[in-house]
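*Asks:* Quick one: the structure is below, questions incoming.
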Amino acid sequence: MMEMTDHGHGARESAAMRAMFAARKEVFIDLLGWDLPVLADRFEVDQFDTPDAEYLILLGPDHVHRASARLLRTQGEHILGHLYPHLCTGIVPTGPNIREITRFCLDRHQRSAERRSARNQLVSTLADHAIRHGITDYTGVAEQAWFDQIARFGWDCRALGPSVRHGRDLLVGLHIRIGHTTIDKLRASGVYEPIRFALIGSDLEPSARAGDMLS
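Residues in the sequence shown are numbered from 1 upward in steps of one, following UniProt numbering.
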């Protein structure tokens, strides 16, 4: 299930955000070994976790984190445009209806079947959210093996340029078009698993993100 909530500083929103940031540390720093900042030795929070960032958070029945993703507006600083523009053969896609998917995080404590279901539900939520809110495109940066999975989900996904070696990782800039056939394509591939969802973010102050919520 997704936590249904309004924007704000309530206890449930704070708990969902804390669970997400903690899960991000466990996955991206502890498991994958990424060199990222850590807050209070518990949370992965970086310079892109600003008041403009939005979050889709999938919670279990006991409000434990299952999966989450961060959406960044592409008209401002974002990971592809700010850090990895060389992954694009042409111009980095930007615009008011384009969002960058970042920190796609599946909780590492789930069993394989649970992780797959959480993945499918989060992908479905990304598609549903885009259609409801007029988002026409998603972009992102992915390791090659993860990009290969994303491209097989059934939606219109392509690489923005050739993969580039960064240390031990082979990275790809990706572009996903969202349209009236996206849901049907995800359903045909067996990925579409709809749920209720909530958008958290956009009106939270930086102090709430990195201080009040995470203390």
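Ideal placement from N, C-alpha and C gives every residue a C-beta, glycine not left out.
Computed from a prediction, not measured in an experiment: that's the story for all the values here.
To which residues does DSSP link E143 through a beta bridge?
*Replies:* DSSP output for E143 lists L171 as bridge partner(s).
*Asks:* Counting only the same chain and skipping the five closest in sequence on each side, list residues whose C-beta sits under 6 Å from that of H78.
*Replies:* Answer for H78: L72, E100, listed in chain order.
*Asks:* Is DSSP giving D148 helix, strand or coil here?
*Replies:* Helix, per DSSP.
*Asks:* Could you compute how far the alpha carbon of G190 sits from the alpha carbon of T125?
*Replies:* One C-alpha to the other measures close to 14 Å.
*Asks:* Work out the CA separation of D148 and R111 for me, nearest whole Å.
*Replies:* Their Cα atoms are separated by approximately 22 Å.
*Asks:* Quick one: does the C-beta of L186 sit closer than 8 Å to a heavy atom of the ligand COA?
*Replies:* Annotation note on the ligand COA: not contained in the displayed structure, which lists no ligands.
*Asks:* Smallest Cα separation from G90: which of D35, L174, N97, A188?
*Replies:* Nearest option by C-alpha distance: L174.
*Asks:* Looking only at DSSP bridge pairs, what is H180 linked to?
*Replies:* None; H180 has no bridge partner.
*Asks:* Which parts of the region 49 to 133 are runs of the beta strand (DSSP E), unbroken and 3 residues or longer, counting only runs that do not cross its ends?
*Replies:* The qualifying runs are 54 to 59, 65 to 73, 98 to 106.
*Asks:* Could you spell out where the beta strand (DSSP E) holding D156 opens and where it closes?
*Replies:* Per DSSP, D156 belongs to the beta strand (DSSP E) from 156 to 159.
*Asks:* Leaving out five residues before and five after H82 in sequence, what residues of the same chain have Cβ atoms less than 7 Å from its Cβ?
*Replies:* For H82, where only same-chain residues beyond five positions count, there are no Cβ hits under 7 Å.
*Asks:* State buried or exposed for N97, treating a residue as buried only when at least 16 other CB atoms are found within 10 Å of its CB.
*Replies:* That one is exposed.
*Asks:* Could you tell me if V92 is buried or exposed, where buried requires 16 or more neighbouring beta carbons within 10 angstroms of its beta carbon?
*Replies:* Looking at its Cβ environment, which holds 16 or more other Cβ atoms inside 10 Å, V92 is buried.
*Asks:* Tell me, which residues are paired with E193 by DSSP?
*Replies:* Paired residues: none, contrary to the question.
*Asks:* Counting along the chain, where does the beta strand (DSSP E) carrying V42 start and finish?
*Replies:* Reading off the sequence, residue 42 comes out as Arg, not Val. Premise fails: R42 is in no beta strand (DSSP E) and is neither H nor E.
*Asks:* Between F48, A69, A23, which has its C-alpha nearest A127's C-alpha?
*Replies:* The candidate whose alpha carbon is nearest that of A127 is A69.
*Asks:* So, are the CB atoms of H86 and A23 less than 9 Å apart?
*Replies:* Their beta carbons are not under 9 Å apart, which means H86 does not touch A23 by this criterion.
*Asks:* Classify D35 as buried or exposed, calling it buried when 16 or more other Cβ atoms lie within 10 Å of its own Cβ.
*Replies:* Per the 10 Å Cβ criterion, exposed.
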